[in-house]
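Numbering (full-length UniProt numbering), first residue to last: 1 to 887.
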């Protein structure tokens, strides 16, 4: 049985014009819904491109694709096929309009709430999406009641009903992941993906292909296909449940069994499609796009089975999930939707056989080139290629999406019919060469991108360019160099003068570090992920020189390659091309602060005993002092990183995602665990889970432990975990102050690694910005007891915390009281300090990574300055104001 239109509520080809007008017309309705899907596709593409500049947009692009594009498409076309199979008219659009309106309002609210950090808006969006799909499933059930239902119709409807159930589960898990600051993020991540991609999208696709595939091929459904597909539906559900259960219990083998079972069920559906394809060969863009999508699904599932089966804990399981995002959504879902729309829209728009053929020809334009280029570029994105080549592959994919949107627009506007002879001639002519065009487009784009990338330019920018030497006549010497453990091997190359040197660099770092090889003239390998290689044309060598790794701090750690001309001495010192040789930014006393202050107010420790946190590494240029902007490495886009708080015995489960351009890591001083796995450096695009239990109280530093640590910390990669001492009394106000130092690079650049530690810092900051609490004072009221938690984040200098005009009656440092309510710690004191002794303290002295707290009561209104009492540091930014007002 094949279906290419619903019950004849409007006339088909050759029967005149449709009777219905407005949205009751299926032609008008599907044009409108196609515009909706295409609009979300544009948002998804924009988010995907935008993550290059702001990593948070990657999440927007991902969910715009999954919810905006895929979910809208599933809702629209499941309604269409239900109407067709049940022989029920679909002229009353009110339920569909309501469902789509609620769904898209929910998607917008969810994305806006996530971007703005408004949890209430985020929750409302998720609830609206779940409500919309629930209402859609109810509408489908009501429509089928009393309709002329076939066994095929009941099977397809069952798939739609079940996939709707999985969407509801997916939405609930998504809400649990973000509730209470993301406390269930890691536990429910894999179930969320399994129910959303495999349950909602996957089952909708499997049910639809049962009837759509033979229709695409213009052949009959093979005998027994409906029975086979119906029988595997319970097995599909069991496999999805097992996949999610493995994620909740952190048992990778359970998830692997579930994924293997799901793959086997897909194989059953694919076998029925293969049987139909043997009767009528797939030749259109639509049918072959569907085949490509299913190939990506099966391939991704096979890889996922291996990844989950070899995962020993939740850390490994979650760290491997990002590798599956593009294959599932880009390779599988996007191509299935593209293929389905390419077949359905020409039929739905109608207008007679000639116009349908014209629209089919439009949708088939350049089909081979599009399929080959898109899938080749998709595979390229999975390979460890230079960033320029990956950007080119992404550009090819974006071009394919935009081309599809253009063909949909042309399809909707097509008016002229196409004769049968013309149709055959165009198809034959186009398929003679477009497969070459597709592969060539990818190769050309990657070659051009690599050639024009500033990090890979040679010749005019290479070292030989300034010598006037003729590269074509020079003898060529090729050298293999490896980079690992902050060193090049070999680290010295000797060549005769006039040699044309070509170096092949391989990154063999086992610690997750990204490296490159850069020459003073600009020739570079580009950033290389571990395991990747690249060739650098250094030009003609006429004098001794150095090449180095340009990743911040790596040159200073020893990643220098000496190129020595025979009979001459090795080069030394910095050159004009050395990143550390230029001028650095300086504090401007006349500049004003143009960003908001870091909120130093500290909330009480939350009640839960398990704290699940997500930290995303980003690298952004931000203002760090009035008039000074620097490239900072940050957790969650802020310095200091999020302040975590709990009690002794609490467990912290922290997921780290590296969205930067180099390797990064985590080191939590609040946990006493083996550093081997959780503190390892992870390359860009990867994740890990770091779990520890707090056994002792304190204000504990956490920071990036990737070498060089001093540079990563000075660039802003630090935060604090506060574990309350037992019996810590409540106070009226609590503030947290983290001091750090900065050695400025040039405006817009990262910290100057050459000067770090060898000179006095350019700025000393409270909470990541110099002098910010002069302009935005902290506040208190006369008579209030105020507690300041203080941590010296370093990386090098000492903090002597003092508040001018006050005295501390309580001092707690590194896990113990040195003064409690004016008494020696051994004395029996009132913990609330209702009465105090005569002891006092004027400062809290801390070395790098030390911390504690002080308490005070201010009895008069005024402006009390808090400083690092090493006054040269106070004058460089470690300076703020506590503004005390009368009651």
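Glycine included, every Cβ here is placed at the ideal spot set by N, Cα and C.
Residue j beta carbon less than 8 angstroms from that of residue i
i	j	result
residue 269	residue 229	yes
residue 272	residue 77	no
residue 284	residue 368	no
residue 486	residue 378	no
residue 64	residue 44	yes
residue 658	residue 682	yes
residue 240	residue 194	yes
residue 246	residue 190	yes
residue 499	residue 540	yes
residue 864	residue 857	no
residue 746	residue 761	no
residue 694	residue 671	yes
residue 851	residue 698	yes
residue 887	residue 783	yes
residue 651	residue 691	yes
residue 627	residue 588	yes
residue 789	residue 736	yes
residue 552	residue 756	no
residue 605	residue 664	no
residue 203	residue 162	yes
residue 844	residue 854	yes
Nonlocal neighbours in the same chain, by C-beta distance under 7 angstroms from residue i, ignoring five residues either side
i	result
residue 212	340
residue 555	548, 549
residue 313	250
Pick from the options that is closest to residue i, judged by C-alpha positions
i	options	result
residue 763	776, 723, 629	629
residue 602	786, 392, 823	786
residue 874	159, 765, 476	765
residue 324	685, 155, 645, 164	685
residue 224	625, 155, 100	155
residue 546	404, 162, 524	524
residue 171	71, 227, 85	71
residue 237	187, 158, 274	158
residue 104	372, 80, 131, 790	131
residue 862	205, 804, 849	804
residue 733	300, 884, 740	884
residue 622	814, 596, 816, 343	596
Outcome for residue i when other beta-carbon atoms lying within 10 angstroms are tallied against a minimum of 16
i	result
residue 543	exposed
residue 575	Low confidence applies here, because residue 575 scores a pLDDT of 41, under 50, leaving its location unreliable and the question unanswered by this model.
residue 612	buried
residue 37	buried
residue 625	buried
residue 509	buried
residue 253	exposed
residue 362	buried
residue 101	exposed
residue 424	Because residue 424 carries a pLDDT of 43, less than 50, the predicted location of this residue cannot be relied on, and the following value inherits that uncertainty. Exposed: under 16 other Cβ atoms inside 10 Å.
residue 496	exposed
residue 215	buried
residue 375	buried
residue 795	buried
residue 881	buried
residue 406	exposed
residue 259	buried
Cβ-based neighbour list, residue i, same chain, cut-off 8 angstroms, excluding 5 preceding and 5 following
i	result
residue 298	263, 266, 267, 270
residue 819	808, 809, 810, 811, 825, 839, 840, 841
residue 219	2, 276, 279, 280
residue 771	593, 625, 626, 877, 879, 880
Cβ neighbours of residue i in the same chain (closer than 6 angstroms, five flanking residues each side left out)
i	result
residue 448	The pLDDT assigned to residue 448 is 49, lower than 50, so where the model puts this residue is not dependable, and the model offers no usable value.
residue 74	204
Practice prompt. Kindly confirm or deny that the segment 504-516 and the segment 531-544 touch, where touching means at least three C-beta pairs closer than 8 angstroms.
Written response: yes
Worksheet item: Is there contact here, the segment 325-340 with the segment 291-300, by at least three beta-carbon pairs under 8 angstroms?
Response: yes
Worksheet item: Three or more C-beta pairs closer than 8 angstroms, one from the segment 789-806 and one from the segment 853-871: is that the case here?
Response: yes
Discussion item. Quick test of the definition: if touching needs 3 or more C-beta pairs under 8 angstroms, does the segment 124-133 touch the segment 102-113?
Written reply: yes
Worksheet item: Just checking, does the segment 715-733 make contact with the segment 635-655 on the three C-beta pairs under 8 angstroms criterion?
Response: yes
Worksheet item: Three or more C-beta pairs closer than 8 angstroms, one from the segment 214-231 and one from the segment 246-259: is that the case here?
Response: no
Discussion item. Under 8 angstroms: do the segment 667-679 and the segment 742-751 share three or more Cβ pairs, one atom per stretch?
Written reply: no
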